[in-house]
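To keep things clear, I will list the structure first and then write my remarks on it.
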Amino acid sequence: MDKLIPKSWIGTAPIHMPFGVNVVSYIIIWAIALIGIYVILKRPRQFGFLARWTTQDILTVAIMGVLLEVYDNLIGDQFITPLIQLIPFGHVFALNDFPYMFLLMVGVAMIRKPGAATAMVFLNFLLMQLLYGGSESGVLWWPYGLLQGLFVDLYIIFRQGRVFAKNGSSVFWDGLAMGALRAVPAAIIQQIFMRPFLSGWTVTVGYVFWYSLFNMIGNGFEAAITAPLAARVARSVNPSVGLDDAHLASKGGVSR
Amino acid sequence: MKRLAWASLVLTVLVGLDGMFMIIRHYKSSDVNNFHMSDGGTVVIAAILLLIVTVLVFVASKRTMDPERKA
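Going line by line, the protein sequences match chains A and G.
Quick note on numbering: the first sequence equals residues 9 to 264 in our numbering.
Quick note on numbering: the second sequence equals residues -11 to 59 in our numbering.
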């Protein structure tokens, strides 16, 4: 723990909540995840923007989900993270997530529909659980996998499907928001509620604060910096990506 | 769709080569996962998953192209 953040910053008193509070919190976390999925599935139609998934979108999720897993648990953990750990604060700023955030942004830019981030991140999470298991394996941990992408998708709904729709600074800000939302609040929920309840692993308030803050900044800027390139890659693979649906309609409709 | 299929094929080959390289070099061969596979073996499994998706993308791209050609 003190390898990531100086010991003097994190304090010594770990968070201990009564069992009842942990149980209620855990149920609320599941409820948030399920309500979030419902909103992602139903809400876009009410906003009136294109949200129907195509075969290509589903296949893109499959490709990106496997690539995220290959990077996250194999290439990243084996080759990149040991190098990043040599840089002061490099690991806590999640610099090893740079390629991960790029892949995630490519996937979001290619699909640009609510549910894309949750589907890719959760597929990555499921593959990780299947292949590596460990103490954080099983259905009980699923909310953490879901919440990492859920808030990114809620942002896509908030933007009414216009993420990466135009060139310029909006791509940067979209990336910044989505990267930050991938890290927080999922990291906070995992460390304050899920880990103490499911595996008895406790941390201090200071650790949660600094870890979440650094992760949010790191993931946010990684996504923001890579977003323009991700949008470009997405357009190369699928030229209709990045064009507003109204523009597509004026051209007579392009099949996606 | 066809571009996605080719991009997916290239990525499959790269991931597969990485896995084969790790197996040949015995990279951390004692470090195994739930299925007692080394990291190299796991990467090869990932490449096989990608290959399955790639084949599906090629099939889907062919199906979307055929109606256009008929029209």
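For each residue, glycine too, the CB sits at the ideal point set by N, CA and C.
> Out of curiosity, what's the CA-to-CA distance linking F9(G) and T212(A)?
Replying inline: Near 42 Å, if we compare the C-alpha coordinates of T212(A) and F9(G).
>> For D65(A), count the other beta carbons within 10 Å of its own beta carbon; 16 or more makes it buried, fewer makes it exposed. Which is it?
In response: Buried, since its Cβ has 16 or more Cβ neighbours within 10 Å.
> Where do the N-terminal and C-terminal ends of the alpha helix (DSSP H) with Q156(A) fall, by residue?
Replying inline: For Q156(A), the enclosing alpha helix (DSSP H) covers residues W150 to F166.
> What do you reckon, are the CB atoms on L111(A) and F130(A) nearer than 9 Å?
Replying inline: The Cβ atoms of L111(A) and F130(A) do not sit closer than 9 Å to each other.
> When burial is assigned at 16 or more other CB atoms within 10 Å of the CB, is H255(A) buried or exposed?
Replying inline: Caution is warranted here: a pLDDT of 49 is assigned to H255(A), below 50, making its placement in the model unreliable, and the coordinate value is therefore given only provisionally. Its Cβ having fewer than 16 others within 10 Å, H255(A) is exposed.
> Taking the alpha carbon of I196(A) as the point to measure from, which residue in F133(A), G208(A) and Y219(A) has its own alpha carbon closest?
Replying inline: Closest in C-alpha terms to I196(A), from the list F133(A), G208(A) and Y219(A), comes Y219(A).
>> In whole angstroms, give me the CA-to-CA distance for L49(A) and T30(G).
In response: Near 33 Å, if we compare the C-alpha coordinates of T30(G) and L49(A).
>> Tell me the residue span of the alpha helix (DSSP H) that contains N227(A).
In response: N227(A) -> alpha helix (DSSP H) spans V213 to V245.
>> Any contact between the region 156 to 164 of chain A and the region 177 to 191 of chain A? By contact I mean 3 or more CB pairs, one from each, below 8 Å.
In response: Taking 8 Å as the limit for Cβ pairs, the verdict is that the region 177 to 191 of chain A does touch the region 156 to 164 of chain A.
>> Taking 9 Å as the threshold (C-beta atoms), are V245(A) and V3(G) in contact?
In response: Cβ distance not < 9 Å, so V3(G) and V245(A) don't count as in contact.
> At which residues does the alpha helix (DSSP H) containing E144(A) begin and terminate?
Replying inline: Unbroken run through E144(A): none, as it is neither H nor E.
> By Cβ distance, which residues of its chain are closer than 7 Å to V41(G), with the 5 residues on each side in sequence left out?
Replying inline: Once the five neighbours on either side are set aside, the close Cβ partners of V41(G) are S(-4).
>> Please classify A27(A) as buried or exposed, where buried requires at least 16 other C-beta atoms within 10 Å of its C-beta.
In response: Per the sequence shown, the amino acid found at residue 27(A) is Phe instead of Ala. Result: exposed.
> CB G123(A) to CB W38(A), shorter than 9 Å?
Replying inline: With respect to W38(A), G123(A) sits apart: the two C-beta atoms are not nearer than 9 Å.
>> I need the DSSP call for P52(A), collapsed to helix, strand or coil.
In response: Of the three classes helix, strand and coil, the one that applies to P52(A) here is helix, per DSSP.
>> Tell me which residues of the region 39 to 53 of chain G have at least one Cβ-Cβ distance to chain A shorter than 9 Å, keeping chain order.
In response: Near chain A, meaning a CB-to-CB distance below 9 Å, the residues of the region 39 to 53 of chain G are I40, V41, T42, L44, V45, A48, S49, R51 and T52.
> For the putative contact between A191(A) and M224(A), defined by C-beta atoms under 8 Å, what is the C-beta separation to the nearest angstrom?
Replying inline: Indeed they touch by this definition, with Cβ atoms about 5 Å apart.
>> In the DSSP output, which residue or residues are listed as bridge partners for I22(A)?
In response: Inspection of the sequence shows that residue 22(A) is occupied by Pro rather than by Ile. Bridge partners of P22(A) according to DSSP: T212(A).
> Which residues mark the beginning and the end of the alpha helix (DSSP H) in which A173(A) is found?
Replying inline: From DSSP, A173(A) is part of no alpha helix (DSSP H); its letter is neither H nor E.
> Closest to M109(A) by CA distance: which of P236(A), R243(A), S248(A) and V249(A) is it?
Replying inline: Nearest C-alpha to M109(A): P236(A).
>> With the cut-off set at 9 Å, would you say V249(A) and V171(A) are in Cβ contact?
In response: Cβ atoms of V249(A) and V171(A): not closer than 9 Å.
> How about I23(A) and I200(A): do their beta carbons lie closer than 9 Å?
Replying inline: Taking 9 Å as the Cβ cut-off, I23(A) and I200(A) qualify as a contacting pair.
> Hey, F229(A) and V100(A): beta-carbon distance below 9 Å or not?
Replying inline: No Cβ-Cβ contact shorter than 9 Å links F229(A) with V100(A).
> When the Cα of V47(A) is compared with those of Q168(A), V179(A) and F205(A), which residue comes out closest?
Replying inline: If we check each option's Cα against that of V47(A), Q168(A) comes out closest.
> Under the three-state reduction of DSSP, which class applies to K16(G): helix, strand or coil?
Replying inline: Secondary structure at K16(G): coil, using DSSP grouped into helix, strand and coil.
> Does the beta-carbon of S143(A) have 16 or more other beta-carbons within 10 angstroms, so that it is buried, or is it exposed?
Replying inline: Classification for S143(A): exposed.
> Buried or exposed: where does L5(G) fall if 16 or more other Cβ atoms within 10 Å of its Cβ makes it buried?
Replying inline: The residue is exposed, with fewer than 16 neighbouring Cβ atoms inside 10 Å.
> With DSSP run on the structure shown, which of helix, strand or coil describes Q93(A)?
Replying inline: In this structure, Q93(A) counts as coil in the three-state DSSP scheme.
>> For a cutoff of 9 Å on Cβ pairs, would you count S263(A) as touching chain G?
In response: Below a pLDDT of 50, predicted positions are generally treated as unreliable, and S263(A), at 41, falls in that range; the measurement from the model is reported next regardless. S263(A) belongs to the set of residues whose beta carbon lies under 9 Å from a beta carbon in chain G.
>> Counting only beta-carbon separations shorter than 9 Å, does L91(A) have a partner in chain G?
In response: False, the Cβ-Cβ gap to chain G never drops below 9 Å.
>> Tell me whether I45(A), by its Cβ, gets closer than 8 Å to a heavy atom of the ligand FAD.
In response: Ligands displayed in this structure: none; no statement on the ligand FAD is therefore possible.
> Residues in its own chain within less than 6 Å of P96(A) by CB, not counting five upstream and five downstream?
Replying inline: Nothing listed; no residue qualifies.
> Using a Cβ-Cβ distance under 9 Å, would M73(G) count as near chain A?
Replying inline: Summary: the structure shown does not reach residue 73(G), with chain G confined to residues -11 through 59, and so no result is reported for it.
> Since S145(A) and Q137(A) are thought to touch, with beta carbons under 8 Å apart, how far apart are those beta carbons, to the nearest angstrom?
Replying inline: Right, the Cβ-Cβ distance comes to about 5 Å (below 8 Å), so this counts as a contact.
>> Just checking: is the beta-carbon of N104(A) within a distance shorter than 9 Å of some beta-carbon in chain G?
In response: Taking CB atoms only, N104(A) has no neighbour in chain G less than 9 Å away.
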